[in-house]
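First comes the structure, then the notes that go with it.
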Amino acid sequence: MKIRNGFVSNSSSSSFILRKGGEFDNAQELAIHMLGDIGKQDLIDLIKKSSKDPNTNIAFHSCNYDTYITTVDNLLLVQTCNNEDWSIHDEVSYKEIRETHPELLDGDYDELSYDNDIRKKSKFWFLNYNLMVSKTKTYEWCKEHDIDFFVINGKEMCPVCYNKKHLERIQKLKRLIK
Ligand SMILES: [Zn+2]
Numbered sequence: 090m091k092i093r094n095g096f097v098s099n100s101s102s103s104s105f106i107l108r109k110g111g112e113f114d115n116a117q118e119l120a121i122h123m124l125g126d127i128g129k130q131d132l133i134d135l136i137k138k139s140s141k142d143p144n145t146n147i148a149f150h151s152c153n154y155d156t157y158i159t160t161v162d163n164l165l166l167v168q169t170c171n172n173e174d175w176s177i178h179d180e181v182s183y184k185e186i187r188e189t190h191p192e193l194l195d196g197d198y199d200e201l202s203y204d205n206d207i208r209k210k211s212k213f214w215f216l217n218y219n220l221m222v223s224k225t226k227t228y229e230w231c232k233e234h235d236i237d238f239f240v241i242n243g244k245e246m247c248p249v250c251y252n253k254k255h256l257e258r259i260q261k262l263k264r265l266i267k
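This is the structure in structure tokens:
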């Protein structure tokens with residue numbers, strides 16, 4: 090069964106933090122490596138062909154939880170699914186992050202906060218949809234496609250059928266007018 094992002098429990102989501110200029114110089118290099126781990130060559134090709142800023146935040150589907158890579162200062166923050174076997178070695182310790190960026194952490198847990206402002210305010214290049222998206226204010230998902238809504242071009246919608254929600258609204262309005 091697919092578990093939706095909105096009902097995350099810390100048991101099977103996971104997060105880690107890398108320093109830029111260590112194993113990877115930017116979000117794109119890290120994403121290419123992680124996509125290699127899960128065999129998503131089509132998404133690797135998409136990144137390599139693009140002319141986007143290599144530090145653009147990136148998101149993609151992975152196991153139960155989508156993966157989000159966010160750049161903050163000289164750090165690469167990764168929120169992902171612990172059911173994938175990521176070959177990442179050079180993590181920054183949470184002890185260090187607690188000293189330099191305590192606002193990124195989930196209270197006293199050694200875990201990035203899923204509710205931190207940076208994630209909420211950030212735009213991500215969602216590779217599977219090849220769209221720039223940001224999180225919606227309240228959690229909603231497309232019942233037809235069983236995926237989360239995102240803010241796309243300023244409007245909340247399903248990244249697959251785009252405007253279905255708006256169509257429903259328009260139909261409701263039309264019924265009211267009748
Ligand atoms: Zn949809």
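In this text, residue positions in the sequence shown follow this note's numbering: the first is 90, and each later residue adds one.
Virtual Cβ for every residue (Gly too), placed ideally from N, Cα, C.
- Distances taken from the Cβ of H234 to the heavy atoms of ligand 1 include one shorter than 7 Å.
- Residue burial is scored here from C-beta neighbours: R208 has at least 16 other C-beta atoms within 10 angstroms and is therefore classed as buried.
- Contact between F105 and I186 does not hold, since the beta-carbon distance rounds to 10 Å and is not under 8 Å.
- When C-alpha distances from L124 are compared across S103, T145 and D174, the shortest belongs to D174.
- Annotation for L135: the continuous alpha helix (DSSP H) segment containing it runs Q130 to K138.
- In the DSSP assignment, E245 falls within the unbroken beta strand (DSSP E) covering K244 to M246.
- Here the segment 141–148 lies against the segment 156–164, with 3 or more beta-carbon pairs under 8 Å apart.
- By the neighbour-count definition (other C-beta atoms within 10 Å, threshold 16), T227 is an exposed residue.
- For T189, the secondary structure class from DSSP, reduced to helix, strand or coil, is helix.
- Contact between D179 and G111 holds: their C-beta atoms lie close to 5 Å from each other, under 8 Å.
- Judged by DSSP in its simplified three-state form, I177 adopts coil rather than helix or strand.
- Beta bridge pairing from DSSP links Y157 with A148 and Q168.
- For I121, the uninterrupted alpha helix (DSSP H) segment begins and ends at A116 to D126.
- Looking at Y251, Y183, F238 and E245, the one whose alpha-carbon comes closest to that of S202 is Y183.
- Distance from the Cα of N217 is smallest, within the candidate group H122, Q130, Y198 and L119, for Q130.
- Measuring C-alpha to C-alpha distances from S223 to each of S211, D142 and R108 identifies S211 as the nearest.
- Counting along the chain, K224 sits inside the beta strand (DSSP E) bounded by residues L220 to K224.
- Between ligand 1 and the CB of V222, the shortest heavy atom gap is not smaller than 7 Å.
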